[in-house]
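Position one of the sequence shown corresponds to residue 914 (the working numbering), numbered consecutively onward. The beta-carbon is built from N, C-alpha and C at its ideal position, and this holds for glycine as well.
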Amino acid sequence: ANTGEHGYSAGRMRGSGHHGNASMGNANGEDRRKIFIGRVPHGADVDVLRPLLEPYGTLEEVFIHRNRDGRHQGCAFARFSTRDGAQAAILGLNEAVTLD
């Protein structure tokens, strides 16, 4: 299913030129267990994201990005205990889950 304007999308590797989807740390030393989650609805919190991500592996952290004023920025990060968990989440959720 396609993601809507406020949908959850996980997927492309960073540097692919595809914006708005999730990405995994790249070969420049970034943590490849951490994924970026784009297009997160402003009303969503970690309690909404966690159940979507947990089937793919053990989560160490789910973080909603906020600006200095505490406003939700429409994106999040999740760190899995293993690189395989992060990759499984990307493969399983890319363009497949929306949060409206």
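Proximity below 8 Å, CB of residue i to CB of residue j
i	j	result
leucine 1012	valine 953	yes
alanine 999	phenylalanine 990	no
histidine 985	histidine 955	yes
Length of the line joining the Cα atoms of residue i and residue j
i	j	result
asparagine 980	aspartate 958	15 Å
proline 964	glutamate 974	13 Å
threonine 995	glycine 987	25 Å
Status (buried if at least 16 other CB within 10 Å, exposed otherwise) for residue i
i	result
arginine 946	buried
glycine 970	buried
leucine 865	For residue 865 there is no data in the structure shown, the boundaries of the chain being 914 and 1013.
Integer-rounded CB distance, given that residue j should sit under 8 Å from residue i
i	j	result
leucine 966	alanine 1002	6 Å
leucine 962	isoleucine 948	The pair is not a contact, with the Cβ atoms about 11 Å apart (cut-off 8 Å).
For residue i, the residue or residues it bridges with in DSSP
i	result
leucine 972	Phe993
isoleucine 1003	Answer by DSSP bridge pairing: none, since isoleucine 1003 is not bridged.
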